[in-house]
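Trainee: The structure follows.
2 protein chains.
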Amino acid sequence: MEKDKTISNTTIRRLTKYYRYIEELDLKETSIISSYTLGKMMGISPSLIRQDFNAIGEFGRQGHGYNLDTLKKEIGEFLGINKIHNMIVIGAGNLGQTLANYDGFAKVGFPIKGLFDINPKLIGMKINGIEIIDLDQLNSFIKDNNIDIGILCVRKHCVQQMTDILVDAGIKGIWNFSAIDIDVPDDVKVESVNFSNSLFTLSYLMNDKYTNQKS
Amino acid sequence: MEKDKTISNTTIRRLTKYYRYIEELDLKETSIISSYTLGKMMGISPSLIRQDFNAIGEFGRQGHGYNLDTLKKEIGEFLGINKIHNMIVIGAGNLGQTLANYDGFAKVGFPIKGLFDINPKLIGMKINGIEIIDLDQLNSFIKDNNIDIGILCVRKHCVQQMTDILVDAGIKGIWNFSAIDIDVPDDVKVESVNFSNSLFTLSYLMNDKYTNQKS
DNA sequence: TAGATTGTTAATCGATTAACAATC
DNA sequence: TAGATTGTTAATCGATTAACAATC
Numbered sequence: 001m002e003k004d005k006t007i008s009n010t011t012i013r014r015l016t017k018y019y020r021y022i023e024e025l026d027l028k029e030t031s032i033i034s035s036y037t038l039g040k041m042m043g044i045s046p047s048l049i050r051q052d053f054n055a056i057g058e059f060g061r062q063g064h065g066y067n068l069d070t071l072k073k074e075i076g077e078f079l080g081i082n083k084i085h086n087m088i089v090i091g092a093g094n095l096g097q098t099l100a101n102y103d104g105f106a107k108v109g110f111p112i113k114g115l116f117d118i119n120p121k122l123i124g125m126k127i128n129g130i131e132i133i134d135l136d137q138l139n140s141f142i143k144d145n146n147i148d149i150g151i152l153c154v155r156k157h158c159v160q161q162m163t164d165i166l167v168d169a170g171i172k173g174i175w176n177f178s179a180i181d182i183d184v185p186d187d188v189k190v191e192s193v194n195f196s197n198s199l200f201t202l203s204y205l206m207n208d209k210y211t212n213q214k215s
Numbered sequence: 001m002e003k004d005k006t007i008s009n010t011t012i013r014r015l016t017k018y019y020r021y022i023e024e025l026d027l028k029e030t031s032i033i034s035s036y037t038l039g040k041m042m043g044i045s046p047s048l049i050r051q052d053f054n055a056i057g058e059f060g061r062q063g064h065g066y067n068l069d070t071l072k073k074e075i076g077e078f079l080g081i082n083k084i085h086n087m088i089v090i091g092a093g094n095l096g097q098t099l100a101n102y103d104g105f106a107k108v109g110f111p112i113k114g115l116f117d118i119n120p121k122l123i124g125m126k127i128n129g130i131e132i133i134d135l136d137q138l139n140s141f142i143k144d145n146n147i148d149i150g151i152l153c154v155r156k157h158c159v160q161q162m163t164d165i166l167v168d169a170g171i172k173g174i175w176n177f178s179a180i181d182i183d184v185p186d187d188v189k190v191e192s193v194n195f196s197n198s199l200f201t202l203s204y205l206m207n208d209k210y211t212n213q214k215s
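Chains as they are written, first to last, in full-length UniProt numbering: chain V, 1 to 215; chain P, 1 to 215.
In structure tokens form, the structure reads like this:
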């Protein structure tokens, strides 16, 4: 099924976009879509769309287009989002609690099972039905609850320390919302959401002198 | 000062990273750094670093390296982050309040001046000293307070509607935290932080079958 | 001066676009 | 069948790396 060509990061990011877009479309009756139409709607060239889809399999029908259900299933399969990923949040501050309050992740198969903190005032509280637990329970909780993703929402002075704890506990995926980058072994995957980088990029785009650019 | 070569998006993203990195370094006494050393620390090739820096100006000293202060100042200047950008948040829900509670943006010159919502229960409340205001006050508030960035934190069913309101009010930069993409005129710049895209990318990276990839 | 490191051009590598034969 | 659109190869474009002369 999968070719041994490696798939570029840009393709992966677009695949997540297609998936999201198709999800929105799903409600409507259209069950077949051409690369031309999808490209028109999403602002991506049809050629690139076909390259992207063909990178992960062959599921178009020549002369017709792509079946939306198949497309969604295949992309989902490829990205590994057709199975459950249990998550925990490290740091039950504002951001950690906000993520716990958001039900969108659970809906797509990424439920948050627990929040971890060291602040005794928080421990025992429940956010959206999710308990805040003492950090020293982490190891057993990860094992007992089949956790595979840790979400980092702590201040930068303890980010690396918390990372190391997660890695030691056997976590293989870290979603890093902290302000700094982290070091992990090769077999641990990291995806960072860095607010500063994003805000500074916006600042650049708005900077009068440079008025070209498309995102 | 600026060449008319357009600067690629990848270079911009790296420039924001350098800036952030240099900020952390600033505390220490090292005032000069070579592309080799910086590259070693950040995992970026020295050659690429020099290309990036030269894209926005010439401020290295041959035989020595780059002065950290100059570097920070020049990159900041280029990204437009050496001046104040007043921001407002649209949607005073969990995420909007969390962003308002975070002081990091104000510290780097991006203060949040107001939160907007339509929920009467929220209006009048203060989050971290920032007032929640009725949406119908938006236009005058933007003018009176010199706002140039709107942060979108609303549910997807009203995202485009809120975008249009911001655009009509003359906002030129939108930081979009909502779940879907938005349409704006060419002169309005958008930077999106899409949690789903990010989470799905992490999912892919962890997907056993495909164990190559570096972020 | 000798050593080091930049600035910059050339070479390579990778990603996007164009084109078209295959085929539904 | 004719028309449409995929799958895929070739051409182009852009980004990264290598190399080295310039110079501090």
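Here a beta-carbon is modelled for each residue, glycine too, at the ideal position from N, C-alpha and C.
All figures in this text were calculated on a predicted structure; none of them were measured in a lab.
Determine the chain P residues that contact V193 (chain V) at a beta-carbon separation under 8 Å, and present them in chain order.
Mentor: V193, F195 and S198
Trainee: For the structure I just gave you, are there three or more beta carbon pairs, one from the region 55-64 of chain V and one from the region 88-100 of chain V, closer than 8 Å?
Mentor: no
Trainee: Determine, using beta carbons only, whether G150 (chain P) and D117 (chain P) come nearer to each other than 9 Å.
Mentor: no
Trainee: Who are the neighbours of K172 (chain P) on chain V, taking C-beta pairs under 7 Å?
Mentor: Ordered by position in chain V, the residues that pass the 7 Å Cβ test against K172 (chain P) are M206.
Trainee: Classify N9 (chain V) as helix, strand or coil using the three-state DSSP reduction.
Mentor: helix
Trainee: Suppose only complete runs of 3+ residues qualify. What are the beta strand (DSSP E) ranges in the UniProt domain "CoA-binding" (80-181) of chain P, listed by chain order?
Mentor: 86-90, 112-117, 130-134, 147-152 and 173-176
Trainee: Cutting at 7 Å between CB atoms, please list the residues of its own chain near Q51 (chain P), excluding the five before and the five after it.
Mentor: none
Trainee: Contact defined as beta carbons within less than 8 Å: I believe G76 (chain V) pairs with Y36 (chain V). What is the distance between those atoms, to the nearest angstrom?
Mentor: With 8 Å as the limit, G76 (chain V) and Y36 (chain V) do not qualify as a contact, their Cβ atoms being about 23 Å apart.
Trainee: Quick check on the burial criterion: 16 or more other C-beta atoms within 10 angstroms. Buried or exposed for T10 (chain P)?
Mentor: Exposed: under 16 other Cβ atoms inside 10 Å.
Trainee: In angstroms, rounded to a whole number, what distance separates the CA positions of N212 (chain V) and K121 (chain P)?
Mentor: Its pLDDT being 39, under 50, N212 (chain V) is placed unreliably in this model, and the value from its coordinates should be taken loosely. Each residue's alpha carbon lies about 43 Å from the other.
Trainee: Along chain V, which residues have their Cβ under 7 Å away from the Cβ of residue 217 (chain P)?
Mentor: Absent from the model: residue 217 (chain P). The displayed extent of chain P is 1 to 215, so no value can be given.
Trainee: Output, in chain order, the set of chain P residues within a Cβ distance shorter than 8 Å of residue 217 (chain V).
Mentor: In the structure displayed, chain V extends from 1 to 215; residue 217 (chain V) sits before or after that span and is not available.
Trainee: Give a yes or no on whether the minimum CB-CB distance between Q161 (chain V) and chain P is below 9 Å.
Mentor: no
Trainee: In terms of alpha-carbon separation, which member of P:S198, P:R13 and P:G60 lies closest to F110 (chain V)?
Mentor: Ranking the options by Cα distance to F110 (chain V), first place goes to P:S198.
Trainee: Could you round the C-beta distance between M87 (chain V) and I147 (chain V) to whole angstroms and report it? I think they count as a contact, below 8 Å.
Mentor: 7 Å
Trainee: Do you know how far the Cα of F195 (chain V) is from the Cα of G57 (chain P)?
Mentor: Between G57 (chain P) and F195 (chain V), the C-alpha separation is close to 26 Å.
Trainee: Return yes when the Cβ of D134 (chain V) is within less than 9 Å of the Cβ of I123 (chain V), no when it is not.
Mentor: yes
Trainee: In angstroms with no decimal places, state the Cα-to-Cα distance between S192 (chain P) and G170 (chain V).
Mentor: 32 Å
Trainee: In angstroms, rounded to a whole number, what distance separates the CA positions of L71 (chain P) and Y204 (chain V)?
Mentor: 16 Å
Trainee: According to DSSP, is I44 (chain P) part of a helix, a strand, or is it coil?
Mentor: Of the three classes helix, strand and coil, the one that applies to I44 (chain P) here is coil, per DSSP.
Trainee: If you measure from the beta carbon of V154 (chain V) to each beta carbon in chain P, is any gap under 9 Å?
Mentor: no
Trainee: Please confirm whether Q97 (chain V) has its beta-carbon closer than 9 Å to some beta-carbon of chain P.
Mentor: yes
Trainee: Counting contacts by CB-CB distance shorter than 9 Å, is V108 (chain V) in contact with chain P?
Mentor: yes
Trainee: Which residues in the same chain as Y21 (chain V) place their Cβ atom closer than 7 Å to its Cβ, once the five residues preceding and following it in sequence are excluded?
Mentor: M42
Trainee: Given that a residue counts as buried once 16 or more other Cβ atoms are within 10 Å of its Cβ, and exposed if not, what is T163 (chain P)?
Mentor: buried
Trainee: If you reduce the DSSP assignment to three classes, tell me which class S192 (chain V) lands in.
Mentor: strand
Trainee: Identify each residue in the region 51-80 of chain P for which the Cβ-Cβ distance to at least one residue of chain V is less than 8 Å, and report them in chain order.
Mentor: F78, L79 and G80
Trainee: State the beta-bridge partners of R61 (chain P) as determined by DSSP.
Mentor: P:G65
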